[in-house]
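Quick note on the working numbering: the sequence shown kicks off at 122 and runs consecutively.
Each residue gets a CB set at the ideal place from its N, CA and C atoms; glycine is no exception.
Given the structure is predicted, the values throughout are model-derived calculations rather than measurements.
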Amino acid sequence: MSKAVLYSGGKDSTLALHKAVAMGVKIDLLITMISRNTHSYMFHYPNVRHTKLQAEALGIRQVFAETEGKKEDELADLERAFKDNGVEVLVTGATYSRYQGDRINNIAKKMGIEHIAPLWHIDPMEELNELDRDFDAIITSVSAEGLDESLLGKRIDSEVIGKLQEANRKHGINMLFEGGEAESFVLNAPLFGKRIEILKARKEWNGVSGAYFIEEARLVEK
Numbered sequence: 122m123s124k125a126v127l128y129s130g131g132k133d134s135t136l137a138l139h140k141a142v143a144m145g146v147k148i149d150l151l152i153t154m155i156s157r158n159t160h161s162y163m164f165h166y167p168n169v170r171h172t173k174l175q176a177e178a179l180g181i182r183q184v185f186a187e188t189e190g191k192k193e194d195e196l197a198d199l200e201r202a203f204k205d206n207g208v209e210v211l212v213t214g215a216t217y218s219r220y221q222g223d224r225i226n227n228i229a230k231k232m233g234i235e236h237i238a239p240l241w242h243i244d245p246m247e248e249l250n251e252l253d254r255d256f257d258a259i260i261t262s263v264s265a266e267g268l269d270e271s272l273l274g275k276r277i278d279s280e281v282i283g284k285l286q287e288a289n290r291k292h293g294i295n296m297l298f299e300g301g302e303a304e305s306f307v308l309n310a311p312l313f314g315k316r317i318e319i320l321k322a323r324k325e326w327n328g329v330s331g332a333y334f335i336e337e338a339r340l341v342e343k
C-alpha cells in the first residue's frame, strides 16, 4: 500500500506535498498522469515528463500513467492508476475547483482511499507569497484575459504576483489558476535535494494564449 501524491510538477501539487510531509504523512509515491489531450480538464500538459527530475530531486519513487484526457473518461484512467499502485492515502493540490475536487473525492470514497487536500480553500495570497519566499516556480502556460506572453517562463515572484492581482481585479481570473488560466512548473523547493536548471526552452504564442516548453534540463547542486 502507498501514500501517494497526484503530482503534476506544478506549484499546487508540490506545495501540497510539502504541507503533507509537514503534517507527518510519509509520502512514498508520486503518480503523474500523462495526458494526450493538450486541453485536459483534469491534468497538466506542458513539461509533465520533466517531473522525473523533480522526483529524483525529492528522492521519491514516481510512476507515470497515460490517459487520452477525454472529459470524464480520464477519471477511469486515474482510478486505474490508484488501484495498480495500491494507494491508501492520496494527497492532491486541489484549491478551489469543485470539478476536480468532487471527482477525486468520489473516486477516493469508492476505493476507500483517504484524500488529503492541504491547500483546499487556501487564501490565494498566502499561497503565492509562500511560493515567492520558499520555492522557485515558473509559469508554463497562460490562457486567460489579462495574462500575456511576457509571463511565460517567469518565476512567480512579487512582480508576477502583482500582475496576477491586477488581472484578478480587471478580469476576475483565479490567481491560483484553478480555472485553467495558467500552469506552472517547480524548479526548486525546500525538499528538493538538488534544483532544476533549464538548458533549453521555447515559447509558443498564438496571440491570446501560449506555453513555455522545457526542451532540455538537468539537476544541479543547490
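Report task. On the DSSP bridge assignment, give the partners of His236 in chain order. Result -> Leu211
Query - Identified DSSP bridge partners for Leu150 - result: Under DSSP, the beta-bridge partners assigned to Leu150 are Ala125.
Report task. Measure the Cβ-Cβ separation of Ile237 and Leu268 and say whether it is below 8 Å. Result -> no
Query raised in the report: Anyone know if the C-beta pair for Gly130 and Gln183 falls short of 8 Å?
Result: no
Query raised in the report: Val281 and Leu273 look like a contact to me (Cβ under 8 Å); what is the Cβ gap, rounded to whole Å?
Result: The pair is not a contact, with the Cβ atoms about 11 Å apart (cut-off 8 Å).
Query raised in the report: Where do the N-terminal and C-terminal ends of the beta strand (DSSP E) with Gly331 fall, by residue?
Result: Gly331 to Val341
Query raised in the report: By a C-beta neighbour count over all protein chains shown, 10 Å radius and 16 as the cutoff for buried, is Asn327 buried or exposed?
Result: exposed
Report task. Work out the CA separation of Asp244 and Val341 for me, nearest whole Å. Result -> 33 Å
Query raised in the report: Straight-line CA distance for Gly180 to Ala141?
Result: Whole-angstrom Cα-Cα distance: 16 Å.
Query - Simplified DSSP assignment, three categories, for Met163 - result: Bear in mind that a pLDDT of 44 at Met163, under 50, signals an unreliable position, so the model cannot answer this.
Query raised in the report: Quick one: is Asp149 buried, meaning 16 or more other Cβ sit within 10 Å of its Cβ, or exposed?
Result: exposed
Query - Alpha carbon of Glu251 to alpha carbon of Ala338, nearest angstrom - result: 25 Å
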